[in-house]
Structures are given as C-alpha cells and as structure tokens.
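Under the numbering used here, the first residue of the sequence shown carries the number 339, and numbering increases by one thereafter. The structure appears right after this line, and notes come after that.
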Amino acid sequence: MDKDIVPALLETIEKDFDQRTFNSPKLKKSLIALKNKKATYLDVNDFAVEVGEILADVLSTNVTAEVLPDEKMYFNIAERVLDPTMKKNYELISNFAVDVQTELNHAAGLRIKGQSPLVNQDRIDGIVNRVSSGEEFEKIKWIIDEPIINFSQSIVDDVIKANVDFHAKAGLQPKIVRRVVGRACDWCRSLEGSYDYREAPDDIYRRHERCRCTVDYKPGDGRKQNVWSKVWRDPKKEEKIAQRKKMNLKKGVK
Ligand SMILES: [Zn+2]
339 MDKDIVPALL ETIEKDFDQR TFNSPKLKKS LIALKNKKAT YLDVNDFAVE VGEILADVLS
399 TNVTAEVLPD EKMYFNIAER VLDPTMKKNY ELISNFAVDV QTELNHAAGL RIKGQSPLVN
459 QDRIDGIVNR VSSGEEFEKI KWIIDEPIIN FSQSIVDDVI KANVDFHAKA GLQPKIVRRV
519 VGRACDWCRS LEGSYDYREA PDDIYRRHER CRCTVDYKPG DGRKQNVWSK VWRDPKKEEK
579 IAQRKKMNLK KGVK
C-alpha cells in the first residue's frame, strides 16, 4: 500500500502559509489600518488578495505531480488538502472583514456588529472536484492557483453582501461602489459605479478570473439619502420602540 502523503504535505503547507502570512508587509499594513480605525473594504480587498496569493503560491510550490501518487490528484487527497486550507482562508479573511465592518458601523453611529456570512462550501467543493477530475495534473494544476485567489476575493464580496442586506432590512439605505482595477474588460467596465442597494445590478458581486475590481461599502454613505432627518436611525432603538408599542397594545387589550 502506498504511504499516505497528506499529513506531511499538509504540515508543510500550513507551516509555509503561517510563516508567509505572518511576515507579509501587506497584511501588516491592513491590520494597522484596522487598529487605527481607518480600514475600509479596500484594505479588506488587499488583505484577501494577499492571503489568496500566498495560499495559491504555497499550494503550487508544494503540490506537484512528483509528490502525488501516479502523478495524479485523487479526490481524497484534494479534499484533505484543499478543504482545511481554503477554510482557513475563509476564517482569516471573514474575521478581518467583519472587524472592519464593525468599525465602519461604529464610525457611522451604528452600534451593531459586522455580520459574518457562512463559508461557501460549494466553491470549495467545486475546486476540489475540478482538480481531482482525473486529468493529468500538469494540465490542471492552474486550478489551485488563480481560482484560489478568486475564492479569497469572493469571501469579501460575501461579507459585504451579508452586511448590506442586513442594513437594508434594518431600514438603512446602503450604497455599494464598484471600481475597475487595471485593464478592465467591457463587462467589468459596465459594472463600475455607485449604486443604491435596490438598483444595484445582480452581477455587482460577481467577478471573472483575474478580475481585481473592488467592491466598497461604507454604511455612513447611506446617510446622504437622509440629509433632512439629520438623525442616524438606530434599528435596535426602533425595534425596542416597536416592541414597547406592542406591549402597550397588549396592555390596552387587557
Ligand atoms: Zn474586473
């Protein structure tokens, strides 16, 4: 029986990954921005791309045809290597994004915590399945490169979506800004703009491979819609008032 290569491989990948994320000047810069309460989703975007690039690079360096049995990526190897490492990316990026969102909420006078989306297991499974489809590894090893970065960016998009939806339900008027980065294609160019929650295009959170466009959300921007009220609505407070009214109603019925 062949020796199980996964435990040693995973250990090397995790060690490399920890070392490189710990020493990354880009990640440090993002963390300092958060500490100084100056971080925005652009810092989160940089953070996610950097974490994604590090994992993609560590995987591409350590997972090669030579170390794989029969030079093939079998499903049970792909799953045990990619599922935990991709989940770790999700933890790192979503935790950072939620902390930034909490600070943005506070800066906008909202005393609510950032919302955290669930991990997108379908995307992880998709990459596991594609890379273990039985094709020659050399031909499909690109799947553990750019798509890992794309997955990492999608975590930021998922966090923004979760918070924008939450704020909209709380009665705020979220505004989402998408900007092109680099030599953008026509599709990306067509998505660029600043949108009210209700009129944002369906594709606002979508991105093709190698797309580095940014999606930005600052809850304070919604206030511009409400210049006349001056007062920032506090959904918790309104909830309490509504509850009180209900209680009074019940009292009245008695
Ligand atoms: Zn793009």
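No residue lacks a Cβ here, since even glycine has one placed at the ideal position from N, Cα and C.
Sorted by chain position, residues whose beta-carbon lies closer than 7 Å to a non-hydrogen atom of ligand 1 are Val-518, Val-519, Ala-522, Cys-523, Cys-526, Arg-545, His-546, Cys-549, Arg-550, Cys-551.
Between Val-502 and Tyr-535, the beta carbon gap of about 6 Å places them in contact (Cβ cut-off 8 Å). Two segments are said to touch when three or more pairs of C-beta atoms, one from each, lie closer than 8 Å; by this definition the segment 438 to 456 touches the segment 365 to 383. Sequence-distant Cβ neighbours of Ala-538 in its own chain, meaning closer than 8 Å and more than five residues away, are Ile-514. The alpha-carbon separation between Tyr-428 and Val-457 amounts to approximately 7 Å. According to the DSSP assignment, Lys-366 belongs to the alpha helix (DSSP H) that extends over 363 to 373. Apart from sequence neighbours up to five positions away, the residues of its chain that approach Val-405 with a beta-carbon distance below 8 Å are Ile-343, Leu-347, ordered along the chain. Two segments are said to touch when three or more pairs of C-beta atoms, one from each, lie closer than 8 Å; by this definition the segment 392 to 400 touches the segment 474 to 491. In the DSSP assignment, Thr-350 falls within the alpha helix (DSSP H) that extends over 344 to 360. With respect to the C-alpha of Lys-479, the residue from Gly-558, Tyr-555, Tyr-412 having the closest C-alpha is Tyr-412. Straight-line spacing of the CA atoms in Arg-517 and Ser-490 works out to 18 Å.
By the CB criterion at 8 Å, Tyr-379 and Asp-496 fall outside the cutoff.
With contact defined as three or more Cβ pairs closer than 8 Å, the segment 459 to 471 and the segment 355 to 365 are not in contact. Leaving aside the five residues that flank Arg-418 on each side, the residues in its chain whose CB is nearer than 8 Å to its CB run, in chain order, Val-344, Leu-348. Setting aside the 5 residues that flank it on each side, Thr-350 is surrounded in the same chain by Asn-400, each with a C-beta closer than 7 Å to its C-beta; the list follows chain order.
Scanning Leu-430, Lys-426, Leu-448, Ile-392 for the CA closest to the CA of Val-382 turns up Leu-430. The beta-bridge partner set that DSSP reports for Ser-471 is empty. Of all alpha-carbon atoms in Pro-407, Lys-426, Asp-541, Glu-409, the one lying nearest the alpha-carbon of Leu-393 is that of Lys-426. In summary, Glu-547 is exposed, with fewer than 16 beta-carbon neighbours lying within 10 Å of its beta-carbon over all protein chains present.
Val-494: member of the alpha helix (DSSP H) spanning 484 to 507, first to last residue.
When DSSP states are grouped into helix, strand and coil, Tyr-412 belongs to the coil group. DSSP places Ser-398 within a helical segment (H, G or I) once states are collapsed to three. Cβ neighbours of Ser-454 within its own chain (closer than 6 Å, five residues either side excluded): Ser-432, Val-436. With respect to the 8 Å criterion, Ile-487 and Glu-391 are classified as neighbours on the basis of their beta carbons.
DSSP places Arg-550 in the coil class of the three-state scheme, outside both helix and strand. DSSP lists Arg-516 as the bridge partner or partners of Gly-531.
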